[in-house]
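In what follows, a structure is listed as structure tokens, so that the remarks can point back to it.
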Amino acid sequence: MFIAPRILEAGDTDGDGKLSPAEAKAGARKFVEASTPKGKKGLDEESLARALNQYAGPEGDPEVGPGFFIAPALLELADTDKNKTISADEAAEFAAKTVAEADSEKAGGIELQALAQAINARIGPPPGFGPGGPGGPGGPPGFGADREIAADYDADGDGTLSSEERKTARAELKKERAAGPGRGRPGFGPRGGMRPPGFGGGEPEATPGKKVSPKDVKQYPDKGLYDDDIVRTVFLNFENEDWEAELEEFHGTDVEVPAEMTVDGQKYPGVGVHFRGMSSYMGVSAGHKRSLNVSIDFSDENQRLYGYKTLNLLNSHEDPSFLHTVLYSKIARAYIPAPKANFVHVVINGESWGLYANAQQFDKIFLTENYGSDKGARWKVRGNPGADGGLRYVGDDLEEYESRFQMKSGGKKDWKALIEVCRVLDETPPDELKDAIEPILDVEGVLKFLALDNALINGDGYWTRASDFSLFRDGAGKFHVIPHDMNEAFGPAMMFGPGMGRGGPGMGPGGPGGGRFGGPQGGALQKQQRGGPQGKQGRGFGGPGMGPGGPGGPGGGNVDLDPLVGLDNQRTPLRSKLLAVPEYKARYLELVNQITDEWLDWNRLGPIVAAQAKLIDPYVKEDTRKLSTYEAFQAAVADAPPVAEPGQAGPGRGRPVMSLRTFADKRRAYLKAYPGKAEPKK
Numbered sequence: 042m043f044i045a046p047r048i049l050e051a052g053d054t055d056g057d058g059k060l061s062p063a064e065a066k067a068g069a070r071k072f073v074e075a076s077t078p079k080g081k082k083g084l085d086e087e088s089l090a091r092a093l094n095q096y097a098g099p100e101g102d103p104e105v106g107p108g109f110f111i112a113p114a115l116l117e118l119a120d121t122d123k124n125k126t127i128s129a130d131e132a133a134e135f136a137a138k139t140v141a142e143a144d145s146e147k148a149g150g151i152e153l154q155a156l157a158q159a160i161n162a163r164i165g166p167p168p169g170f171g172p173g174g175p176g177g178p179g180g181p182p183g184f185g186a187d188r189e190i191a192a193d194y195d196a197d198g199d200g201t202l203s204s205e206e207r208k209t210a211r212a213e214l215k216k217e218r219a220a221g222p223g224r225g226r227p228g229f230g231p232r233g234g235m236r237p238p239g240f241g242g243g244e245p246e247a248t249p250g251k252k253v254s255p256k257d258v259k260q261y262p263d264k265g266l267y268d269d270d271i272v273r274t275v276f277l278n279f280e281n282e283d284w285e286a287e288l289e290e291f292h293g294t295d296v297e298v299p300a301e302m303t304v305d306g307q308k309y310p311g312v313g314v315h316f317r318g319m320s321s322y323m324g325v326s327a328g329h330k331r332s333l334n335v336s337i338d339f340s341d342e343n344q345r346l347y348g349y350k351t352l353n354l355l356n357s358h359e360d361p362s363f364l365h366t367v368l369y370s371k372i373a374r375a376y377i378p379a380p381k382a383n384f385v386h387v388v389i390n391g392e393s394w395g396l397y398a399n400a401q402q403f404d405k406i407f408l409t410e411n412y413g414s415d416k417g418a419r420w421k422v423r424g425n426p427g428a429d430g431g432l433r434y435v436g437d438d439l440e441e442y443e444s445r446f447q448m449k450s451g452g453k454k455d456w457k458a459l460i461e462v463c464r465v466l467d468e469t470p471p472d473e474l475k476d477a478i479e480p481i482l483d484v485e486g487v488l489k490f491l492a493l494d495n496a497l498i499n500g501d502g503y504w505t506r507a508s509d510f511s512l513f514r515d516g517a518g519k520f521h522v523i524p525h526d527m528n529e530a531f532g533p534a535m536m537f538g539p540g541m542g543r544g545g546p547g548m549g550p551g552g553p554g555g556g557r558f559g560g561p562q563g564g565a566l567q568k569q570q571r572g573g574p575q576g577k578q579g580r581g582f583g584g585p586g587m588g589p590g591g592p593g594g595p596g597g598g599n600v601d602l603d604p605l606v607g608l609d610n611q612r613t614p615l616r617s618k619l620l621a622v623p624e625y626k627a628r629y630l631e632l633v634n635q636i637t638d639e640w641l642d643w644n645r646l647g648p649i650v651a652a653q654a655k656l657i658d659p660y661v662k663e664d665t666r667k668l669s670t671y672e673a674f675q676a677a678v679a680d681a682p683p684v685a686e687p688g689q690a691g692p693g694r695g696r697p698v699m700s701l702r703t704f705a706d707k708r709r710a711y712l713k714a715y716p717g718k719a720e721p722k723k
């Protein structure tokens, strides 16, 4: 639970990295006493929720945060006299009891992992998070499947929502959200009104971009949609001037907002647009660039743009170089099927909204291009810091898997096949696994996927989050793993990254975040963090990572991520089970070394970075909605020797900034010196 780091940081008065029952008791009492309104004897549900938000919510805003989900459960558990308020005495006793019960080894206190699990076990996480402990399904609001409401407001039954129908839907959504938790789409929204659009914070000030018309831009009708030597301009025209607010209100639902798209002088009427993403949405303030999904075939199922029916326009969140997605795509595609990516300039209602990465959709077109056929089943494993979508076997109950994997195409037999892959991984001894798994899993492709994930330190990758990838079961019944989110690579692990030991599942400390969760320098939490410099004060989520914890090892702020991280982590059996086979482990380490030699050599990577940076430089410079400064872009792509430290924290969640050259040189040096590259460590 996100609140655990803040509790530990504030309550650990002796600085030993643990929270004792006595410390919990004193801290809870102090919190309630300080938060109780004058003349009251305790906190009612409303006051408790707002106090929790102020204590541990984004930038201390009482109207926004997890308090509205935590307060009802906390009140029910701690309000022993059932007067619908929680007193300082009740809070103190509840906190002490919770910590004492969680201290199963009677060590005198509990560390961050145990504290988070205890909170989840007693109170439960917000809707959509899934159970606490290692690998609950689900995720924060926005991680699960979109709420289906479009059909409810389609009065004329034409399959789309008109302006009036969307107006009605927006009004109803406002009513639901104003009614508070338990009604409407889950979100960290205030009880009394709409959630402020995005937690955001830390970005440069956003200002309106210049006016641009189709006649002002160069056209590329003879170039492919993903050619990487051009920047094509995509025009989107919405019928409503408050299009941004409308997209916000429908975020997390299945409602597409219609627009007319113009590309290379050709008009494409009736495309559907929605904001996409979780951290790239919630971590960005209104008025700044947020990622977009464009359904080209929304109104006309046969409409295509250069052969494609979907655009994923990404805002390069946490990436001042703008290059992470494009570079990862280029490198990954040298080894396995992966989405194509390049850059586009987006103009909305005549105003420039700047440069976006343009990543290919994982759809039937992708399958045909890469596998020669679109026959088979597809799943998406949505990004989630506490995910359990790593193919862990959790029994034969289909619902358990439906909560972890979002099926895009396929049927019951494909679900059964997916469960079988999980079972084989889980139950087959290492000396028998090769014969059992190879008929149903593309092991060579998986090993390449894992090697890329680790060598390039994908901060949202499988190794840390057991999520953010795609699955394909081909017509012959074999499963393939495909990269999905490629933006968080080429730098220190994100705040959700684990401690880099080889231990089992747990909440290994990640890089610190800005904002209320980050904690002051020198606090108990920071003593545990191995994630680089303290982030700027902002609206980021600092705190733990739901990745594989374990003792020892460098943390998220460095580039020395052990290639053999998490070998005992049950949440990531593609690592823990496959790499338990000596032949597979040796091949995996060989691939890590190959990627290091072929792509982390600046003599090869540097010219690619330089060419792409030169291509996009004028667009970045003029981008008034970008999430980092032009100077940060220049530093990130500079052809300069490595710096001693990762640098200052970036915007949002506090990811330390590291230039691409610094990353490549340091990561290469570490991996080339890694003692297990030829002979795995025992």
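Numbering (this note's numbering), first residue to last: 42 to 723.
Cβ coordinates follow ideal geometry from the N, Cα and C atoms, glycine included.
Residue nearest to Pro245 within the set Asp283, Ser88, Arg666, Asp680 is Arg666 (criterion: CA-CA distance). Distance from the Cα of Leu288 is smallest, within the candidate group Ser332, Val272, Arg273, for Ser332. Distance check between Val258 and each of Thr303, Asp130, Thr351, Leu89 places Thr303 closest, using alpha-carbon atoms only. If you draw a straight line from the Cα of Ile372 to the Cα of Leu605, it comes to about 21 Å. With respect to the 7 Å criterion, Phe276 and Gly313 are not classified as neighbours on the basis of their beta carbons.
With contact defined as three or more Cβ pairs closer than 8 Å, the region 362-369 and the region 316-334 are not in contact.
When beta bridges are read from the DSSP output, Ser450 appears opposite Arg419. DSSP, read as helix, strand or coil, puts Thr351 in strand. For Ser617, the number of other beta carbons within 10 angstroms of its own is at least 16, and it is reported as buried. Ala300 has Phe279, Val312 as its beta-bridge partners, per DSSP. When beta bridges are read from the DSSP output, Tyr397 appears opposite Val385. Leu488 sits in a helix when the DSSP states are folded into three classes. Counting only the Cα atoms, Arg47 lies some 40 Å from Val622. Counting C-beta atoms within 10 angstroms of its own C-beta, Arg645 has fewer than 16 neighbours from the protein chains shown and is therefore classed as exposed. As far as DSSP is concerned, Phe291 takes part in no beta bridge. In the DSSP annotation of this structure, the continuous segment of the alpha helix (DSSP H) that includes Pro62 starts and ends at 62-76.
Between Ser321 and Asn356 a beta carbon distance of about 6 Å is seen, short of the 8 Å cut, so the two are scored as contacting.
Segment contact: the region 258-272 against the region 337-351, three or more CB-CB distances shorter than 8 Å; contact assigned. For Lys489, the number of other beta carbons within 10 angstroms of its own is at least 16, and it is reported as buried. When DSSP states are grouped into helix, strand and coil, His365 belongs to the helix group. Taking one beta carbon from each stretch, the region 54-62 and the region 148-155 have 3 or more pairs nearer than 8 Å; the two touch. Taking 7 Å as the cut-off, the beta carbon of Glu206 is found closer than this to the beta carbon of Tyr194. A direct Cα-Cα distance of roughly 14 Å separates Leu118 from Ala129. Glu50 carries a helical assignment under DSSP once its states are collapsed to helix, strand and coil.
When secondary structure is reduced to three states using DSSP, Thr209 falls in the helix class.
Sequence-distant partners of Cys463 (beyond 5 residues in either direction) whose C-beta falls short of 6 Å from its own C-beta, in its chain, are Leu432, Tyr434. DSSP places Val272 in the strand class (E or B) of the three-state scheme.
Spatial neighbours of Asn390 in its own chain (CB-CB distance under 8 Å, excluding positions within 5 residues in sequence) are listed in chain order as Leu277, Asn278, Phe279, Glu282, Trp284. DSSP places Val606 in no alpha helix (DSSP H); its state is neither H nor E.
Within a 10 Å sphere around the beta-carbon of Lys308 sit fewer than 16 other beta-carbons, which makes this residue exposed.
Nearest to Leu701 by C-alpha distance, out of Asn94, Gly436, Ile649, Lys449, is Ile649.
Partner residues in the beta bridge of Glu392, as assigned by DSSP, are Lys252, Ile389.
With 16 or more neighbouring CB atoms inside 10 Å of its own CB, Ser669 falls in the buried class.
Secondary structure of Ile498 (DSSP, three-state): coil. Secondary-structure assignment with DSSP links Arg514 through a beta bridge to Ala418, Phe520. Judged by DSSP in its simplified three-state form, Arg374 adopts coil rather than helix or strand.
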